[in-house]
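Participant:
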Amino acid sequence: MAKNFVEEGKTVAIVASAAISSGDLVQVVMFFAVALTDIPQGETGDGITEGVFMLPKLKTDDMKTGKKVYLKSGKVQLTNSGSDPLVGVVWADAGTMQKKCR
493 MAKNFVEEGK
503 TVAIVASAAI
513 SSGDLVQVVM
523 FFAVALTDIP
533 QGETGDGITE
543 GVFMLPKLKT
553 DDMKTGKKVY
563 LKSGKVQLTN
573 SGSDPLVGVV
583 WADAGTMQKK
593 CR
């Protein structure tokens, strides 16, 4: 292993500017993490930066595996209005009747 290895980089410290619930998708400057635990406002907790998670989706979107998804108003969606950040790809199909996707 390299002499300068520090960590795997799978988790990151999150400082909560508002209360965060376990499982929330949180923007950490230029990337996203999923909170591992509830984090009270002003406290620091951990978020995981890789993996597959069930997240709320725009109900009208028919999500297909491999499609890019963007975050808007706390939900992932297929459409990018230009300023919506890319947060990942669909891991498994989720139709319009489903409220969450992977």
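In the numbering used here, the protein residues as written are 493 to 594. By construction, the Cβ of each residue, glycine as well, lies at the ideal position given by its N, Cα and C atoms. Since this is a predicted model, take the numbers as computed values, not measurements.
Apart from the five residues on each side of it in sequence, which residues of its chain come closer than 7 Å, Cβ to Cβ, to GLY566?
Facilitator: PRO548
Participant: Give me, in chain order, the residues of the same chain whose beta-carbon lies closer than 8 Å to that of THR597; leave out the 5 immediate sequence neighbours on both sides.
Facilitator: Nothing about residue 597 can be reported from this structure: the residues present for the chain run from 493 to 594 only.
Participant: Excluding five sequence neighbours on each side, which residues of the same chain lie with their C-beta closer than 8 Å to the C-beta of GLY629?
Facilitator: Not covered by the structure: residue 629. The range shown for the chain is 493 to 594.
Participant: Apart from the five residues on each side of it in sequence, which residues of its chain come closer than 6 Å, Cβ to Cβ, to GLN533?
Facilitator: ALA508, ALA510 and ALA511
Participant: In terms of residues, what are the limits of the beta strand (DSSP E) holding THR536?
Facilitator: 536-540
Participant: Quick one: is GLY501 buried, meaning 16 or more other Cβ sit within 10 Å of its Cβ, or exposed?
Facilitator: exposed
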